[in-house]
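Below is one structure, written out as structure tokens, with a few remarks after it.
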Amino acid sequence: MWKSLVSRVWRKIPRRARLQIIRATQKKFTVSVVAVITRGEDGRILLLDHLLRPGASWALPGGFIEAGEQPEAAIRREIREETTLELENVRLVRVRTIRRHIEIVFRAEAKGAARPSSNEIKQAGWFAPDEFPAEAAAVQRRIVTEALNQK
Numbered sequence: 582m583w584k585s586l587v588s589r590v591w592r593k594i595p596r597r598a599r600l601q602i603i604r605a606t607q608k609k610f611t612v613s614v615v616a617v618i619t620r621g622e623d624g625r626i627l628l629l630d631h632l633l634r635p636g637a638s639w640a641l642p643g644g645f646i647e648a649g650e651q652p653e654a655a656i657r658r659e660i661r662e663e664t665t666l667e668l669e670n671v672r673l674v675r676v677r678t679i680r681r682h683i684e685i686v687f688r689a690e691a692k693g694a695a696r697p698s699s700n701e702i703k704q705a706g707w708f709a710p711d712e713f714p715a716e717a718a719a720v721q722r723r724i725v726t727e728a729l730n731q732k
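With the working numbering applied, the sequence shown covers 582 to 732.
Structure (structure tokens):
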């Protein structure tokens, strides 16, 4: 009976008000995209030296998804904004949750040359998976290994 009453009341509330109630009562989270980008001729991985990542500045490229943006469109936009690269053969690797953050991991191939084109990026570099800079976090290496092992 109680559930039936709640259901009837809920359906009478205007759609916009229901959405506001949901947003006010649900925990918030952020969503980002990241890509393991390989260079065709030698299979090296693109890492970016990020200005805003103290202690682990070398990392995979990516960024936050904008409202209403699809994940694949977001990774293509982020890579283009940060490096001027275009991507080919974009494929989903996995989705992982880190506390209140969701990260969507892609694998892709580079089309063009990586030229840092954002104030957030100090430099771009291509690295063999076993030759990452010391400043790269261990989780970055694990993401790359997983992406490269996925068929």
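We treat Cβ as the ideally placed atom computed from N, Cα and C, and that holds for glycine.
Starting from I656 and walking both ways along the alpha helix (DSSP H), at which residues does that stretch end?
Looking at the DSSP string, the run of the alpha helix (DSSP H) that includes I656 is 652-664.
How many Å lie between P697 and L600 at the Cα?
Computed Cα separation, rounded: 40 Å.
Quick one: residues in its chain with C-beta nearer than 6 Å to the C-beta of L611, no 5 flanking neighbours on either side, listed in chain order?
Sequence inspection shows Thr at residue 611; the Leu mentioned does not correspond to that position. Around T611: H682.
Out of R604, R589, I656, point me to the one whose CA is closest to E531's CA.
This structure leaves residue 531 out entirely; the chain is present only between 582 and 732.
So, using beta-carbon positions, are V614 and G649 closer together than 8 Å?
Cβ distance not < 8 Å, so V614 and G649 don't count as in contact.
Would P642 and I618 qualify as a contact pair, given that the criterion is a beta-carbon distance under 8 Å?
Closer than 8 Å, so yes.
Please classify E622 as buried or exposed, where buried requires at least 16 other C-beta atoms within 10 Å of its C-beta.
E622 should be labelled exposed.
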